[in-house]
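>
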Amino acid sequence: MSDLADVVRPYGDTTGDGRVQVSFTLPVPGVTPADRALGEGAALQLAGKMGMSPAMVVHTKPVGPDFTFFIVYGRVSHLVDLSLVTVAEREFELLSPAQVNLRIAASLGRKLVVVGATVGTDAHTVGIDAILNVKGHSGEKGLEYKGTTPGEVASYLAHALAPATAVAEARSWSRARPGGRPSPS
Amino acid sequence: MPPTKHMTGNVFAGYLLDAFFNLCGLMTGQSILLVGMMTEGIHTPFLSDRDLALENVRYVRSAAGRLGLSFQPDAFVVERAHRVLGEAVDLLRRIESDGLLNAIADGTFGVTKRPPGGGRGLDGVIERALGYFNPVTDVLGGFREVVPPGEQGNPVSGVLEGDME
C-alpha cells in the first residue's frame with residue numbers, strides 16, 4: 001500500500017492538474033478543411049486512448065499531401081506511484097576521458113583505432129561525426145578526445161560490405177605512424 | 186554542420202539553437218546548409234522533426250536571411266538610425282526651450298497627456314508617523330533615512346537619499 005505522498009501527477013500550471021503536451025504525426029492528409037477536421041478528430045481519439053481527457057489540438061500542420069503533424073495539450077488521468085518506481089543502475093562504470101586514456105595506454109600501448117560507418121539509406125553523417133570526432137554531443141566530447149584515432153567515415157555502406165571495409169580501414173590506420181594520418185595506398 | 190556539441194535532449198532548446206545556426210549559415214551566404222534537427226543524437230529524425238527543421242530554415246531565411254545587408258554603409262538601418270537620432274535631438278531641443286512639464290502636459294511621452302493642474306496633488310499621500318518603521322527598505326538596503334542635524338527624533342522631516350555604497 002503506497003503512501004498518498006508517493007502519488008504524483010504532472011504539474012502544468014497548478015498542483016495536480018495533470019497537464020501534458022504531446023506531438024505526433026498521423027498518416028492522414030490535412031490540406032483541405034474537411035481533411036483537417038478528420039485529422040484533428042483522429043488526433044483527439046489517440047490522445048483519449050493515451051489517457052488524455054480533456055485534450056485540445058493546438059496545432060495542425062500538413063506535412064506533404066499525405067501526413068499531418070499535431071500538437072496536443074491535455075490532462076492525463078494517470079497517477080504516478082513513486083514507491084513503485086524502479087531505478088535502472090548503470091551496468092558499466094562511466095569513465096572520464098583521462099581514465100579511458102589510461103586504460104588504452106596501459107593495455108594497448110598506442111592509440112586505439114575506431115572505425116565508424118553507417119549502413120542503410122540514411123547517411124547519419126551528423127551522428128557519426130558527433131560520435132567519432134572531438135565535436136561530440138550534449139557537452140560530451142566524441143571518441144577522438146579519448147586517446148583514440150577516428151577512422152574515415154563511410155556512409156550508405158551496404159551491410160554485406162561493412163565488415164571488410166572496416167577491417168581494411170583499420171589496417172590502413174594502424175600502418176600509419178602513431179596518431180598520424182593513414183599512409184597513402 | 187549543426188551544433189551537436191550543444192545539443193541535448195531538450196528538443197525545444199535545440200530548435201532554438203538550430204535557428205541561430207541557420208541564421209549564421211544564411212547570413213554568411215553558405216551555398217550548402219546542413220539543416221539541424223531538434224532530435225539530433227536522440228533518434229533518426231521523425232518526419233515531423235524534418236518538417237519542423239525546414240520550417241525553421243524558411244522562417245529564418247524570410248525574416249533575417251538578408252540581415253547582413255542592413256549593416257553595410259548607406260543601408261536602410263544606417264539611414265533609419267540617423268533619422269531617429271536626429272529626431273531625438275530635435276525633440277530634446279524643443280523640450281529644453283519649452284520646459285519638461287509642458288512637454289509632459291502635451292503628451293510628448295507615450296501620447297497620454299498629463300497637464301500640470303490635472304493631478305491630485307498631495308491627496309492620498311500621508312506623512313510618516315513618529316516611529317515609522319519599514320523593514321523592507323532596511324532589508325533591501327537601497328535607501329536610508331538622512332536626518333538633518335538638529336532635527337534628530339523627527340523622522341517626518343527626513344528625506345530619502347539613494348545609498349551609493
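Going down the list, the protein sequences come from chains H and U. Each residue of the first sequence is one higher than the one before, counting from 1 in this note's numbering. Each residue of the second sequence is one higher than the one before, counting from 186 in this note's numbering. Beta carbons are placed, not taken as given, at the ideal position from N, Cα and C, and that holds for glycine. Only a predicted model underlies this, so the values are computations on that prediction, with no experimental measurement involved.
Thinking C-beta only, is U/LYS190 closer than 8 Å to H/LYS135?
The answer is yes: Cβ separation under 8 Å.
> Please decide whether H/VAL63 counts as near chain U, where near means a Cβ-Cβ distance under 8 Å.
So yes, H/VAL63 belongs to the interface.
> Exposed or buried, which one is H/LEU131 when buried takes at least 16 other CB atoms within 10 Å?
Sequence check: residue 131 of chain H is Ile here, not Leu. The residue is buried, with at least 16 neighbouring Cβ atoms inside 10 Å.
> Within the same chain, show all residues whose beta-carbon is closer than 6 Å to that of U/MET349, passing over the 5 residues directly before and after it, in chain order.
For U/MET349, the pLDDT reaches just 41, beneath the cut-off of 50, and the residue's location in the model is therefore unreliable, although a value from the coordinates is still provided. Result list for U/MET349: empty, nothing under 6 Å.
> Any idea if U/SER233 is buried or exposed, counting beta-carbon neighbours within 10 angstroms, 16 or more meaning buried?
Buried, by the Cβ-count rule.
> Which of the three DSSP states, helix, strand or coil, is assigned to H/ALA162?
Helix, per DSSP.
> Taking U/MET192 as the query, report the chain H residues whose CB atoms sit under 7 Å from its CB, ordered along the chain.
Simply HIS137 and SER138.
> The ligand NAD and U/LEU254: does the residue's C-beta get closer than 7 Å to at least one heavy atom of that ligand?
Of ligands this structure carries none, so the ligand NAD is not represented either.
> Determine the direct distance from the alpha carbon of H/VAL115 to that of H/ARG103, and round the result to whole angstroms.
Whole-angstrom Cα-Cα distance: 19 Å.
> Does the beta carbon of H/THR32 sit closer than 8 Å to a beta carbon anywhere in chain U?
It does not; no Cβ of chain U falls within 8 Å.
> Between the Cα of H/ASP6 and those of H/LYS141, H/ALA55, H/ASN101 and H/VAL80, spot the shortest distance and give me the residue it belongs to.
Closest by alpha carbon: H/VAL80.
> Tell me the rounded alpha-carbon separation between H/MET50 and U/MET223.
Approximately 24 Å, taken between the alpha carbons.
> Considering only their Cβ atoms, is the gap separating H/GLY48 from H/ALA55 smaller than 8 Å?
Yes, these two residues count as a Cβ contact at 8 Å.
> Round the Cβ separation of U/GLY194 and U/ILE227 to the nearest angstrom and send it over; I've been treating them as touching at under 8 Å.
Correct: roughly 6 Å between the Cβ atoms.
> On the CB-based measure, 16 or more other CB atoms within 10 Å of its CB, does U/PHE197 come out buried or exposed?
Exposed.
> Exposed or buried, which one is U/VAL263 when buried takes at least 16 other CB atoms within 10 Å?
It is exposed - the Cβ of U/VAL263 has fewer than 16 other Cβ atoms within 10 Å.
> With the cut-off set at 8 Å, would you say U/PRO187 and U/LEU219 are in Cβ contact?
Yes.
> Out of H/ASN133, H/GLU140, H/VAL126 and H/THR118, point me to the one whose CA is closest to H/LEU94's CA.
When each option's Cα is compared against that of H/LEU94, the closest is H/GLU140.
> So, helix, strand or coil for U/ASP259, using DSSP?
Looking at U/ASP259 - three-state DSSP - the assignment turns out to be coil, as it is neither helix nor strand.
> Quick check on the burial criterion: 16 or more other C-beta atoms within 10 angstroms. Buried or exposed for U/PRO230?
By the neighbour-count rule (16 or more Cβ atoms within 10 Å), U/PRO230 is buried.
> Kindly list the residues whose CB is nearer than 8 Å to the CB of U/PHE206, restricted to its own chain and excluding five residues on each side of it in sequence; keep chain order.
Here the set comprises PRO187, PRO188 and GLY221.
> Alpha carbons only, please: which of H/VAL113, H/VAL126 and H/VAL28 is nearest the one belonging to H/ALA166?
Looking at the Cα atoms, H/VAL113 is the closest of the given residues.
> Which same chain residues, not among the five before or five after H/ILE71, have their C-beta less than 6 Å away from its C-beta?
Only SER23, VAL58 and HIS59 meet the Cβ criterion.
> In this structure, how does DSSP classify U/PHE205 when only helix, strand and coil are distinguished?
Reduced to three states, the DSSP call for U/PHE205 is helix.
> Determine the DSSP secondary structure at H/HIS59, reduced to helix, strand or coil.
Reduced to three states, the DSSP call for H/HIS59 is strand.
> Answer with buried or exposed for H/VAL126, where buried requires no fewer than 16 other C-beta atoms within 10 angstroms of its C-beta.
Per the 10 Å Cβ criterion, buried.
> Based on the DSSP secondary-structure assignment, which residues constitute the bridge partners of H/GLU140?
Answer is H/HIS137.
> In terms of DSSP beta bridges, what is H/LYS71 paired with?
At residue 71 of chain H the sequence reads Ile, which differs from the Lys that was named. H/ILE71 pairs with H/SER23 and H/HIS59.
> Exposed or buried, which one is H/GLY44 when buried takes at least 16 other CB atoms within 10 Å?
Rather than Gly, the amino acid found at residue 44 of chain H in this sequence is Leu. The residue in question, H/LEU44, is buried, as its Cβ has 16 or more Cβ neighbours within 10 Å.
> Which term fits H/ALA168, buried or exposed, when burial requires 16 or more other beta carbons within 10 angstroms of its beta carbon?
Its Cβ having fewer than 16 others within 10 Å, H/ALA168 is exposed.
> Give me the Cβ distance between U/MET212 and U/LEU252, rounded to the nearest whole Å; I'm assuming they're in contact under 8 Å.
Between U/LEU252 and U/MET212 the Cβ distance is about 6 Å, and since that is below 8 Å, they are a contact.
> Which of helix, strand or coil does DSSP assign to H/PRO54?
In this structure, H/PRO54 counts as strand in the three-state DSSP scheme.
> Could you tell me the boundaries of the alpha helix (DSSP H) in which H/GLN45 lies?
Start and end: 33 to 49.
> To the nearest angstrom, how far is the alpha carbon of H/GLN21 from that of H/LEU143?
Going from the Cα of H/GLN21 to the Cα of H/LEU143 covers about 35 Å.
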